[in-house]
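Enquirer:
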């Protein structure tokens with residue numbers, strides 16, 4: 118394309134060319150002799166025509182210009198209300214899923230912390246040996262010692278307050294599985310003369326320099342030969358203690374929003390349990406609770422009930438804990454003699470505070486431990 122108007126400036130000629138390129142074509146109109154004067158009045162009545170878009174507006178626009186952000190703040194989710202947070206705190210299963218992920222020192226699997234047991238190094242006064250024991254066995258003494266250390270009590274008084282135990286603030290996490298603990302006990306307690314103690318395998322390497330200091334040998338760490346049975350006994354004691362505490366703090370029977378609901382059953386079967394759950398009314402968020410079976414006779418075998426029972430009110434399922442298979446006969450008799458509530462065969466429990474949530478977590482830990 119050449120500039121034919123040699124006398125016109127190049128900038129003016131270029132502007133004219135661009136106008137022709139982006140000009141919207143209009144059909145030519147010809148006046149005829151037969152046209153009526155009403156056409157002109159009709160055009161005037163239609164009003165002003167739509168404004169012609171500029172050439173720059175016909176090009177694609179950037180989303181930064183077409184959809185600008187409303188402000189400097191990002192769009193975030195709605196913060197939870199106080200009621201929603203309280204519902205999550207009283208849901209034991211939500212608390213378990215929200216626990217941080219940690220690694221098992223034996224299997225090296227990363228699972229939620231609530232599914233791991235903490236083991237501490239315990240030293241008896243007058244002895245250099247360190248015993249690896251579960252923290253559930255001396256939880257009250259450990260909590261008391263930490264409170265005294267925070268209040269500024271001297272180390273000598275701390276040892277006296279703990280009785281016959283002096284704990285080191287080091288923990289080992291092991292999975293809550295009876296099979297894992299049995300295999301670990303067999304491997305660590307193998308007597309092999311002239312070999313290094315195998316119990317040091319589960320001790321983290323960053324601790325060994327501090328534990329095996331001057332005058333201390335790896336043989337000073339002791340692992341109980343009856344550790345699986347010892348842990349089972351401690352877990353059962355913990356469940357019994359928490360059940361007594363929760364029963365004493367909650368209203369006993371059938372309040373409008375209480376924690377305990379007795380399920381009337383003439384025979385113990387899954388269908389009867391579902392019918393009994395369907396008759397419970399006036400209890401909100403039943404999916405946060407669980408079914409506890411006490412029974413009238415002790416059962417040493419496996420439970421005939423499923424792990425989960427349907428909940429007709431919420432179209433969901435709740436866990437079932439058969440205490441006849443989880444606890445010993447002496448512990449069941451102790452619970453039945455503690456309160457008349459535990460003399461019933463089946464009842465529904467819904468936690469209403471932190472103590473109730475800890476009870477369900479303790480029951481779940483015990484059932485996970487004994488389940489192969």
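Numbering (my numbering), first residue to last: 118 to 489. Cβ coordinates follow ideal geometry from the N, Cα and C atoms, glycine included. This one's a predicted model, so the numbers in the text were calculated from it and none came from an experiment.
Hey, residue 436 and residue 407: beta-carbon distance below 8 Å or not?
Expert: Yes, Cβ-Cβ distance for residue 436 and residue 407 is below 8 Å.
Enquirer: According to DSSP, is residue 372 helix, strand or coil?
Expert: Per-residue confidence for residue 372 stands at a pLDDT of 49, beneath the threshold of 50, marking its modelled position as unreliable; the derived number appears in the next sentence. Coil at residue 372, not helix or strand.
Enquirer: Going along the chain, which residues of its own chain have a beta-carbon closer than 6 Å to the beta-carbon of residue 125, five neighbours each way excluded?
Expert: The answer is none, since no qualifying residue turns up.
Enquirer: Applying the criterion that 16 or more other CB atoms from any shown protein chain within 10 Å of the CB defines a buried residue, is residue 319 buried or exposed?
Expert: Per the 10 Å Cβ criterion, buried.
Enquirer: Here's a check: name, in chain order, each residue in its chain whose Cβ is nearer than 7 Å to the Cβ of residue 467, leaving out the five neighbours to either side.
Expert: Answer for residue 467: 376, 400, 403, 405, 406, listed in chain order.
Enquirer: Please name the residue, chosen from 381, 342, 229, that lies closest to residue 210 on a Cα-to-Cα basis.
Expert: Nearest of 381, 342, 229 to residue 210, Cα basis: 229.
Enquirer: Which same chain residues end up closer than 7 Å to residue 421 when comparing Cβ atoms and leaving out the 5 residues on each side of it in sequence?
Expert: Excluding sequence neighbours, residue 421 sits near nothing in its chain.
Enquirer: Strictly by DSSP, which residues pair up with residue 439?
Expert: Looking at the DSSP assignment, residue 439 forms a beta bridge with 410.
Enquirer: Could you tell me the boundaries of the beta strand (DSSP E) in which residue 494 lies?
Expert: Shown here, the chain extends from 118 to 489; a query on residue 494 therefore has no answer.
Enquirer: Helix, strand or coil: how does DSSP classify residue 127 here?
Expert: DSSP places residue 127 in helix when its eight states are reduced to three.
Enquirer: Note down, in chain order, each residue of its chain lying with its Cβ closer than 8 Å to the Cβ of residue 288, except the 5 sequence neighbours on either side.
Expert: Correct list, in chain order: 235, 236, 237, 252.
Enquirer: For residue 364, which residues in the same chain have their Cβ closer than 8 Å to its Cβ, ignoring the five residues on either side in sequence?
Expert: Here the set comprises 377, 455, 456, 458, 459.
Enquirer: Give me the residue from 433, 450, 434, 426 with the minimum Cα distance to residue 411.
Expert: It is 450.
Enquirer: On a CA-only basis, which of 445, 206, 398, 213 is nearest residue 428? Give me that one, please.
Expert: Nearest option by C-alpha distance: 398.
Enquirer: Check for me: the beta strand (DSSP E) holding residue 235 runs from which residue to which?
Expert: Element bounds for residue 235: 233-240.
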